[in-house]
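Contents: one structure, followed by commentary.
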Amino acid sequence: MEKSSVNEVVSTLDAVKSNGQPGFWILLSILIVLVLVIAAVVSQRIVTKRFQRGSKATQENFETKAADLRKRALEVKKQDEGLKRELEVKERKQQQVLKRSQRVLKGSVSHTMLRPDFKGMTSVVPDSSKADLQRKPDEGAEATSGSGLGRG
Numbered sequence: 348m349e350k351s352s353v354n355e356v357v358s359t360l361d362a363v364k365s366n367g368q369p370g371f372w373i374l375l376s377i378l379i380v381l382v383l384v385i386a387a388v389v390s391q392r393i394v395t396k397r398f399q400r401g402s403k404a405t406q407e408n409f410e411t412k413a414a415d416l417r418k419r420a421l422e423v424k425k426q427d428e429g430l431k432r433e434l435e436v437k438e439r440k441q442q443q444v445l446k447r448s449q450r451v452l453k454g455s456v457s458h459t460m461l462r463p464d465f466k467g468m469t470s471v472v473p474d475s476s477k478a479d480l481q482r483k484p485d486e487g488a489e490a491t492s493g494s495g496l497g498r499g
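Our numbering puts the first residue of the sequence shown at 348, with every later residue one more than the last.
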């Protein structure tokens, strides 16, 4: 079927050429331009299809990676929430311990302050200094300079 169409076009061109009509060259140039346009369209479609295949593979790869990233982000978010909960629990426990310690300390200070005698309290002055404080000023000076230990 294609050969017959081509043969008809060639026979028509020969007939126009043999008659010597100037329209032959116009018709021939239009036919050449039409063939070039068809070739350009066909080649463009081939290039577009190849690009779409590559683009489709790239898109699928991109979507796979995006899904992996979303999954990883969700895991990290869950871990973060778990760590936050653990931290909140630890902070609450520390607050409870601190409050208990404050209550105990407050209670012991109140109990100590209410005692009529302060014999049970410890002193912040070292023992050797206590001995020096109990002596007369002259004895303390001689004891510290004489022995070097602060006791005489």
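Heads up, the beta-carbon is just placed ideally off N, CA and C, and yes, glycines get one too. Just so you know, these numbers come straight off a predicted model, no measurement behind them.
Inside the region 405-432, DSSP marks no whole beta strand (DSSP E) run of 3 or more residues. Taking 8 angstroms as the cut-off, the beta carbon of residue 360 is found closer than this to the beta carbon of residue 375. Take the alpha-carbon of residue 389 and the one of residue 397: they are about 13 angstroms apart.
When only Cα atoms are considered, residue 412 and residue 399 end up about 19 angstroms apart. Put simply, the backbone Cα of residue 387 is about 12 angstroms away from that of residue 395.
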